[in-house]
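Participant:
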DNA sequence: CAATATCTAGAACAGGAATTCTAGAAAACT
DNA sequence: AGTTTTCTAGAATTCCTGTTCTAGATATTG
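Quick look at the structure:
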């Protein structure tokens, strides 16, 4: 019942993604509106605030990205190989979907939780849970001797996601194509980074 | 002649650095003023605009950082070792001076040049020149077979600065201490990243 | 000491952004 | 058809920020 939506939520988020690509992370709601040709009222009817629009965009990008990582990370190969493959896949994902990747750079998870609308706090806070669970499984398989070491998850996250994301980020921000040769750099440096864990005492 | 400065330019930039640490990169001039207890007029008497304050802060941080890298990079050791040492030194610099490091994240060099006050354009545009010259010297020494390859500088910059900076960045942004173990991760992964260049055709 | 230059002080101004509000259009339901 | 619900439309409002402006304080110069 009721009138059909002229602009779906996803279309609005797409517009926000475009606006961010053009005007940077400080993109204005007016700029989002201009991007899709919608009046501000329609957007406020769907989202509670500008912050919520940006937050929803960020969360959608993270979810899609995690979806891709799950595809890669669910393989049955050796855990070490899977981890390296995930790192390379991250680079490829960013190369193919640069605007999605750009949207992921909107917030840092920490600073985010400081100023979230309440009704999004839980959802935003737990956004990494599933992914971290997968990562922890692979990590303990790869580094059984660090099973109870609290550095394990931060370490593996850094070596796989952090390293790759850090290398790709400048290209994403400046909207320059991610060069192909970066893949082999990521592959080798990720493998080397993981190998550091082999020298640690359990 | 004239009255003494109650607030030096450096003090104002320090205040801006604090404001950014507290309120993020969108910190307001009013927040900068509050940080040092100065009225806006005093700041506008020294700097032409808010953008110029932030730009000057960014440039000061970059210069100080480059100064540190020059100390490390001017050693007489093997070029490959020097490059790896520079990467590790970057991490250590960020650990010891996290607010300086945070100020460096204010802009990307690309997006910067889009909206610089004219009288700062030259200075801002050439800020990396000296450092790139050093890097190019080390790069050609380490990879003589890539002397005329245009990928050389981007590649080495990525493997040394980009990789390290990418790994450290999340800690800097979230103002979490950079863990000690990151140094060995950076050391090994930087070395591995550089080794990729050995496989390239000149 | 007068004159001048430099800086501090903070009120006043202008513009823009987020948000709210009211009216109206379009579909679904009875 | 009439009623209700959901959404569009965009003008109006409020708040806040960057910037300007004028007055006054403090040092230097002759």
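Protein chains in written order, with this note's numbering: chain A, 66 to 267; chain B, 66 to 267.
Beta carbons: idealized from backbone N, C-alpha and C, even for Gly.
In this text, all values refer to a predicted model and were calculated from it rather than measured experimentally.
Can you tell me whether residue 178 (chain B) is buried or exposed, with buried defined as 16 or more other CB within 10 angstroms of its CB?
Facilitator: Locating residue 178 (chain B) in the second chain gives position 113, counting from the first residue. Exposed, since its Cβ has fewer than 16 Cβ neighbours within 10 Å.
Participant: Which same chain residues, not among the five before or five after residue 225 (chain A), have their C-beta less than 7 Å away from its C-beta?
Facilitator: Taking the first chain and counting its residues from 1, one reaches residue 225 (chain A) at position 160. Same-chain partners within the cutoff: 148, 151, 152, 255.
Participant: Just to confirm, is the Cβ distance from residue 230 (chain B) to residue 262 (chain A) under 8 Å?
Facilitator: Counting from one through the second chain, the residue named residue 230 (chain B) turns up at place 165. Counting from one through the first chain, the residue named residue 262 (chain A) turns up at place 197. Taking 8 Å as the Cβ cut-off, residue 230 (chain B) and residue 262 (chain A) do not qualify as a contacting pair.
Participant: How about residue 239 (chain A) and residue 176 (chain B): are their beta carbons less than 8 Å apart?
Facilitator: Residue numbering aside, residue 239 (chain A) sits at position 174 when the first chain is read from its first letter. Residue numbering aside, residue 176 (chain B) sits at position 111 when the second chain is read from its first letter. Yes.
Participant: Could you give the residue range of the alpha helix (DSSP H) that holds residue 195 (chain B)?
Facilitator: Looking up residue 195 (chain B) in the second chain gives position 130. Unbroken alpha helix (DSSP H) run through residue 195 (chain B): 194-207.
Participant: Any beta carbon from chain A within less than 8 Å of residue 217 (chain B)'s own beta carbon?
Facilitator: Position 152 of the second chain, counting from 1, holds the residue named residue 217 (chain B). Chain A contact via Cβ: absent.
Participant: Determine, for residue 220 (chain A), whether the minimum Cβ-Cβ distance to residues of chain B falls below 8 Å.
Facilitator: What you label residue 220 (chain A) is simply residue 155 of the first chain in a count that begins at 1. Yes, because at least one Cβ of chain B sits closer than 8 Å to the Cβ of residue 220 (chain A).
Participant: Quick one: using the 10 Å Cβ neighbour count with 16 as the cut-off for buried, is residue 93 (chain A) buried or exposed?
Facilitator: On the first chain, residue 93 (chain A) is found 28 positions in, with the first residue counted as 1. With fewer than 16 Cβ atoms within 10 Å of its Cβ, residue 93 (chain A) is classed as exposed.
Participant: Cα-Cα, which of A:77, A:72, A:104, A:106 is closest to residue 123 (chain A)?
Facilitator: On the first chain, position 58 is the one that residue 123 (chain A) refers to. Scanning A:77, A:72, A:104, A:106 for the CA closest to the CA of residue 123 (chain A) turns up A:77.
Participant: Residues in the same chain with beta-carbon distance under 7 Å from residue 200 (chain A), minus the five sequence neighbours each way, listed in chain order, please.
Facilitator: By 1-based counting over the first chain, the position of residue 200 (chain A) is 135. 218, 221, 222.
Participant: So, with DSSP's three-state summary, where would you put residue 187 (chain B)?
Facilitator: Indexing the second chain from 1 puts residue 187 (chain B) at position 122. Correct three-state label for residue 187 (chain B): helix.
Participant: Restricting to Cα atoms, I'd like to know which of B:72, B:135, B:264, B:95 is closest to residue 210 (chain B).
Facilitator: Within the second chain, residue 210 (chain B) is the residue found at index 145, counting from 1. It is B:264 whose Cα lies nearest to the Cα of residue 210 (chain B).
Participant: Have a look at residue 213 (chain A) and residue 266 (chain A) and give me their C-alpha separation to the nearest angstrom.
Facilitator: Here residue 213 (chain A) is taken as the residue at index 148 of the first chain, counted from 1. Here residue 266 (chain A) is taken as the residue at index 201 of the first chain, counted from 1. Roughly 11 Å separates the two Cα atoms.
Participant: Whose Cβ in chain B lies nearer than 9 Å to the Cβ of residue 201 (chain A)?
Facilitator: The sequence position of residue 201 (chain A) within the first chain is 136, counting from 1. Within 9 Å Cβ-Cβ: nothing; residue 201 (chain A) doesn't reach chain B, min ~18 Å.
Participant: Given that residue 19 (chain B) touches chain A, what residues does it touch there, using C-beta distances under 9 Å?
Facilitator: Any property of residue 19 (chain B) remains undetermined from this structure, which presents chain B solely from 66 to 267.
Participant: Between which two residues does the alpha helix (DSSP H) carrying residue 234 (chain A) extend?
Facilitator: As a working mapping, residue 234 (chain A) is identified with position 169 in the first chain. Unbroken alpha helix (DSSP H) run through residue 234 (chain A): 228-239.
Participant: Pull up the distance between the alpha-carbon of residue 169 (chain B) and that of residue 182 (chain B), whole angstroms please.
Facilitator: What you label residue 169 (chain B) is simply residue 104 of the second chain in a count that begins at 1. What you label residue 182 (chain B) is simply residue 117 of the second chain in a count that begins at 1. Whole-angstrom Cα-Cα distance: 18 Å.
Participant: Find the residues of chain A that neighbour residue 249 (chain B), judging by a C-beta separation of less than 7 Å, and give them in chain order.
Facilitator: For this step, residue 249 (chain B) is matched to residue 184 along the second chain. Ordered by position in chain A, the residues that pass the 7 Å Cβ test against residue 249 (chain B) are 261.
Participant: Are the CB atoms of residue 85 (chain A) and residue 171 (chain A) within a distance shorter than 8 Å?
Facilitator: Locating residue 171 (chain A) in the first chain gives position 106, where the first residue counts as 1. Locating residue 85 (chain A) in the first chain gives position 20, where the first residue counts as 1. Contact flag set, yes.
Participant: So what's residue 177 (chain A) in DSSP terms, helix, strand or just coil?
Facilitator: If you number the first chain from 1, residue 177 (chain A) lands on position 112. Reduced to three states, the DSSP call for residue 177 (chain A) is helix.
Participant: Hey, is residue 73 (chain B)'s beta-carbon within less than 8 Å of any beta-carbon in chain A?
Facilitator: Here residue 73 (chain B) refers to the residue found at position 8 of the second chain. So, not an interface residue.
Participant: What in chain B is Cβ-close to residue 163 (chain A), meaning under 9 Å?
Facilitator: Taking the first residue of the first chain as 1, we reach residue 163 (chain A) at position 98. What residue 163 (chain A) touches in chain B: nothing, since even the nearest Cβ is about 14 Å away.
Participant: Which residues bound the alpha helix (DSSP H) around residue 242 (chain B)?
Facilitator: By 1-based counting over the second chain, the position of residue 242 (chain B) is 177. First-last for residue 242 (chain B): undefined, no H or E at that position.
Participant: May I have the straight-line CA-CA distance separating residue 129 (chain B) from residue 111 (chain B), to the nearest angstrom?
Facilitator: Along the second chain, read from residue 1 onward, the residue named residue 129 (chain B) stands at position 64. Along the second chain, read from residue 1 onward, the residue named residue 111 (chain B) stands at position 46. For residue 129 (chain B) and residue 111 (chain B), the distance between alpha carbons rounds to 21 Å.
Participant: Relative to the alpha-carbon of residue 165 (chain B), which residue among B:258, B:137, B:114, B:125 has its alpha-carbon at the smallest distance?
Facilitator: Reading the second chain from its first residue, position 100 is the one you call residue 165 (chain B). Comparing Cα positions, the closest option is B:125.
Participant: Short check: CB of residue 250 (chain B) to CB of residue 258 (chain A), under 8 Å?
Facilitator: Position 185 of the second chain, counted from the first residue, corresponds to residue 250 (chain B). Position 193 of the first chain, counted from the first residue, corresponds to residue 258 (chain A). Yes. Within cutoff.
Participant: Apart from the five residues on each side of it in sequence, which residues of its chain come closer than 8 Å, Cβ to Cβ, to residue 216 (chain B)?
Facilitator: Position 151 of the second chain holds residue 216 (chain B). Only 265 meet the Cβ criterion.
Participant: Could you tell me the alpha carbon to alpha carbon distance between residue 242 (chain B) and residue 236 (chain B), rounded to whole angstroms?
Facilitator: On the second chain, position 177 is the one that residue 242 (chain B) refers to. On the second chain, position 171 is the one that residue 236 (chain B) refers to. Using only the alpha carbons, I get a separation of about 6 Å.
Participant: In angstroms, rounded to a whole number, what distance separates the CA positions of residue 72 (chain A) and residue 246 (chain A)?
Facilitator: Position 7 of the first chain, counted from the first residue, corresponds to residue 72 (chain A). Position 181 of the first chain, counted from the first residue, corresponds to residue 246 (chain A). Distance between the alpha carbons of residue 72 (chain A) and residue 246 (chain A): 40 Å.
Participant: Helix, strand or coil for residue 219 (chain A)? Go by DSSP, reduced to three states.
Facilitator: Taking the first residue of the first chain as position 1, residue 219 (chain A) is located at position 154. Residue 219 (chain A) sits in a helix when the DSSP states are folded into three classes.
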